Structures are given as structure tokens and as C-alpha cells.
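Participant: Residue numbering for the sequence shown follows my numbering, beginning at 10 and increasing consecutively. Don't be surprised by glycine CBs; every beta carbon is placed ideally from N, CA and C. Note that this is a predicted model, so its numbers are computed, not measured.
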Amino acid sequence: MAKLLYSVTMSLDGFISGPGGDMSWLTEYLEPNPTIDELVGDIGALLVGNRTFRGDDPHADMPGEGEPFGGGWSGPQFVLTRNPPPSPVPGITFVSDLDSGVAAAKAAAGDSYVNILGASVARQCLDAGVLDEVLVCVAPVLLGDGTRLFDHPGGSTVALERVSLTHTPRITNIWLRVA
Numbered sequence: 010m011a012k013l014l015y016s017v018t019m020s021l022d023g024f025i026s027g028p029g030g031d032m033s034w035l036t037e038y039l040e041p042n043p044t045i046d047e048l049v050g051d052i053g054a055l056l057v058g059n060r061t062f063r064g065d066d067p068h069a070d071m072p073g074e075g076e077p078f079g080g081g082w083s084g085p086q087f088v089l090t091r092n093p094p095p096s097p098v099p100g101i102t103f104v105s106d107l108d109s110g111v112a113a114a115k116a117a118a119g120d121s122y123v124n125i126l127g128a129s130v131a132r133q134c135l136d137a138g139v140l141d142e143v144l145v146c147v148a149p150v151l152l153g154d155g156t157r158l159f160d161h162p163g164g165s166t167v168a169l170e171r172v173s174l175t176h177t178p179r180i181t182n183i184w185l186r187v188a
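1. If we count Cβ pairs, one from each stretch, closer than 8 Å, do we get three or more for the segment 93–113 versus the segment 15–31?
2. Contact defined as beta carbons within less than 8 Å: I believe Ala116 pairs with Phe87. What is the distance between those atoms, to the nearest angstrom?
3. Quick check: what's the CA-CA separation for Ile25 versus Ala188?
4. To the nearest angstrom, report how far apart Ala118 and Ala54 are at their CA atoms.
5. When you compare each of Leu135, Ala137 and Met19 to Ser33 by their alpha carbons, which one comes out closest?
6. Counting Cβ pairs closer than 8 Å, one from the segment 153–160 and one from the segment 168–175, do we hit at least three?
7. Given a cut-off of 8 Å on the beta-carbon distance, is the pair Asp106 and Ala128 in contact?
8. Mind checking whether Val147 and Ile125 have CB atoms under 8 Å apart?
9. So within the segment 115–186, which uninterrupted beta strand (DSSP E) runs reach at least 3 residues, ignoring any that extend past its ends?
10. Alpha helix (DSSP H) containing Thr44: first to last residue?
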């Protein structure tokens with residue numbers, strides 16, 4: 010059965026995008042990463058938030074712009090939104106609620122991962138008790154503002170267990186399991 014994994018690159022001060030959803034900061038940290046390369050082969054479907062789907066692309070003006078993992082992955086994508094575009098988007102299924110999105114993505118993924126893209130969707134999955142794992146790739150930069158990795162004011166503590174810790178020359182990968 011598919012597991013739900015939130016994978017993301019984060020600044021050292023806890024932001025996954027800069028102010029206004031700016032992802033340009035990430036471009037200089039896009040380097041070969043064996044942990045990510047291995048993960049991409051284990052992803053069966055994506056569950057994507059609306060802001061992430063419509064947002065900035067760190068691969069802008071590069072080959073693979075507009076494609077998941079810079080063109081390194083292809084497969085079924087499920088975008089959680091109450092406002093789908095008026096015209097169909099090839100390869101994208103729009104879902105209006107978390108439960109149906111998770112169910113559809115898990116069915117499409119089979120025994121592979123459902124990779125979550127978007128902080129709000131990851132938080133909703135955590136709140137619903139369906140998030141299994143988190144992979145945080147920490148970049149050596151301080152952004153000071155933007156979208157936090159996890160933001161739940163007044164929320165409770167979430168225990169995580171480390172699965173692995175790997176490095177590239179500039180990125181530290183921390184793979185965690187939701188306890």
C-alpha cells in the first residue's frame with residue numbers, strides 16, 4: 010500500500026519558499042542528490058497543493074521547467090483545489106477535498122510513494138493522520154520570510170523518528186517517519 014511522503018527543500022531558518030511564494034532561491038541548490046534521485050524512482054503519484062501547482066518554479070528558464078522534479082518524474086498528479094482551471098490540464102486530476110485526493114493518489118501509486126508537494130496539503134495530511142514520512146532537504150541559506158515547512162499556530166507537538174541522514178556537498182537530507 011502506498012505511503013504518503015512530504016518531500017521538500019527548506020532553508021535553514023525553516024522556509025520552503027520566499028516571500029510571495031518565490032522559489033528562485035532554490036535554483037542555486039539544484040544539484041545532483043542521490044537521495045532524491047532514488048526517491049524519484051519510488052514515486053507513484055503526486056498530491057499537490059493549489060498554491061504549489063500555480064506557483065513559482067525553481068526550474069524556470071531551465072530544461073524541465075513546469076515539470077515535477079525538473080522533468081525527472083512523470084506520472085499521475087492530483088491537485089487539491091476548490092477552483093480548478095476552466096480547461097483540462099493534461100496529466101492532472103483536480104480534486105476538491107483531501108479524502109478523495111488521498112484515496113485517488115494512493116490508488117494510482119500502488120505500492121510506491123504518494124509524494125506531497127505543498128505545505129498546506131502536508132499539514133492537512135498530518136492533521137488527518139495520513140502522513141507517513143517527511144524528507145527535508147536542508148539548504149545552507151537563511152530566507153527570513155516566506156512559507157514555513159510546517160505552520161500550525163497553537164498546534165500540538167508532532168513526534169518524528171529519523172530514518173536516515175545523508176549529505177551532498179551543499180544539502181543535508183533528513184528522512185523522518187511520523188511516530
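Facilitator: Taking the structure as given:
1. no
2. Counting from 1 along the sequence shown, the entry for residue 116 is found at position 107. Counting from 1 along the sequence shown, the entry for residue 87 is found at position 78. 10 Å between Cβ atoms; not a contact.
3. As a working note, residue 25 is residue 16 in the sequence shown. As a working note, residue 188 is residue 179 in the sequence shown. Their backbone Cα atoms lie some 23 Å apart in a straight line.
4. For the purposes of this step, residue 118 is taken as the residue at position 109 of the sequence shown. For the purposes of this step, residue 54 is taken as the residue at position 45 of the sequence shown. Taking the straight line joining both Cα atoms gives about 5 Å.
5. Within the sequence shown, the letter at position 24 stands for residue 33. Answer by Cα proximity: Met19.
6. no
7. Counting from 1 along the sequence shown, the entry for residue 106 is found at position 97. Counting from 1 along the sequence shown, the entry for residue 128 is found at position 119. Not a contact, by the Cβ cut-off of 8 Å.
8. Position 138 of the sequence shown holds residue 147. Position 116 of the sequence shown holds residue 125. For Val147 and Ile125, no; Cβs fall outside 8 Å.
9. 122–126, 142–148 and 169–176
10. In the sequence shown, counting from the first residue as 1, residue 44 sits at position 35. Unbroken alpha helix (DSSP H) run through Thr44: Pro43 to Gly50.
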